[in-house]
Amino acid sequence: MSQITTKTHTQTKEKYEVKTIVGLESLEELKKVKDFVSKVYTESGYSHSSWKNINYDPWSTWFYVEDSNEILAAMRIIEKKPENVIPLEVAVVWGQPPLKQYKVKEENVADWNSVSFLPTSKSGRACTILFKSVAKHCLDKNYSMVYGMYNPDSKGIERIYFRAGVSHSQKYPDLMYFPGFYLNGEFCQFRVIEIRKESLQKITSYIG
1 MSQITTKTHT
11 QTKEKYEVKT
21 IVGLESLEEL
31 KKVKDFVSKV
41 YTESGYSHSS
51 WKNINYDPWS
61 TWFYVEDSNE
71 ILAAMRIIEK
81 KPENVIPLEV
91 AVVWGQPPLK
101 QYKVKEENVA
111 DWNSVSFLPT
121 SKSGRACTIL
131 FKSVAKHCLD
141 KNYSMVYGMY
151 NPDSKGIERI
161 YFRAGVSHSQ
171 KYPDLMYFPG
181 FYLNGEFCQF
191 RVIEIRKESL
201 QKITSYIG
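Sequence positions in the sequence shown follow the UniProt record's numbering and run 1 to 208.
Structure follows, in structure tokens:
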């Protein structure tokens with residue numbers, strides 16, 4: 001059943017309420033979160049692409065933090081099911097004409113994506129809390145693997161992931177892209193990462 005839940009975290013003198021939206025309920029709040037993510041990406045120089053904007057809502061859990069009713073940070077988990085695709089399967093392998101895409105056949109896996117936050121220290125702290133909450137969620141769901149994709153130019157995200165022992169995917173090793181999705185007018189490439197349980201545990205314990 002879809003729902004909104006909250007959990008309060010305290011860091012320094014600030015209290016962060018982590019909210020989640022599961023599935024298709026609370027559509028007004030869901031739109032607010034997705035609009036925030038789109039705004040962050042646009043202001044960071046990313047273009048819009050129909051390849052990037054697939055509707056994953058029925059299989060998604062959104063995590064976000066607000067301050068005075070304004071969203072500070074957000075991110076999403078998409079659970080892989082036989083009837084859906086995850087972003088890893090929508091992206092195209094770089095330099096492989098005709099278009100080549102991966103197919104994820106494993107069961108009990110998920111995709112961690114749409115990491116979005118503002119260029120402020122408060123938003124960065126909120127994002128740290130969300131990383132821990134999402135990692136705990138994935139551990140609670142007992143996923144056998146969590147995939148993700150990141151832009152190698154995003155050094156902050158890269159440091160967070162790899163400090164926790166996240167590795168580049170050996171199963172899906174190629175650089176990926178979404179047709180029509182650009183960063184500052186240039187093709188944007190992504191690497192696939194594998195976030196195993198050991199890394200999820202490190203994220204819940206050590207990031208901060």
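Heads up, the beta-carbon is just placed ideally off N, CA and C, and yes, glycines get one too.
In whole angstroms, what separates the C-alpha of residue i from that of residue j?
{"i": "V85", "j": "D174", "result": "18 Å"}
{"i": "I160", "j": "G148", "result": "13 Å"}
{"i": "T128", "j": "V93", "result": "30 Å"}
{"i": "T20", "j": "F63", "result": "5 Å"}
{"i": "V192", "j": "S114", "result": "14 Å"}
{"i": "I54", "j": "Y206", "result": "33 Å"}
{"i": "S26", "j": "D67", "result": "19 Å"}
{"i": "T10", "j": "R125", "result": "Any reading at T10 needs caution, since the residue's pLDDT is 44, under 50, leaving its predicted position unreliable; the model's value is listed next. In a straight line, the C-alpha of T10 is about 11 Å away from that of R125."}
{"i": "L130", "j": "Y102", "result": "28 Å"}
{"i": "A110", "j": "K100", "result": "21 Å"}
{"i": "Y41", "j": "R196", "result": "27 Å"}
Return the first residue and the last residue of the beta strand (DSSP E) that residue i is part of.
{"i": "D111", "result": "V109 to F117"}
{"i": "Y172", "result": "First-last for Y172: undefined, no H or E at that position."}
{"i": "S49", "result": "Unbroken run through S49: none, as it is neither H nor E."}
Where does the unbroken alpha helix (DSSP H) through residue i begin, and where does it stop?
{"i": "T128", "result": "S121 to K141"}
{"i": "I193", "result": "Element bounds for I193: not the alpha helix (DSSP H) but the beta strand (DSSP E), R191 to I195."}
{"i": "L72", "result": "No alpha helix (DSSP H) contains L72, which is instead part of the beta strand (DSSP E) from E70 to E79."}
{"i": "V90", "result": "P87 to V90"}
Which partner residues of residue i appear in the DSSP bridge assignment?
{"i": "S167", "result": "E194"}
{"i": "Y147", "result": "D111 and E194"}
{"i": "E186", "result": "L183"}
{"i": "V104", "result": "Paired residues: none, contrary to the question."}
{"i": "V93", "result": "M176"}
Confirm, please, whether the CB-CB distance from residue j to residue i is below 8 Å.
{"i": "V33", "j": "A74", "result": "yes"}
{"i": "G165", "j": "K202", "result": "yes"}
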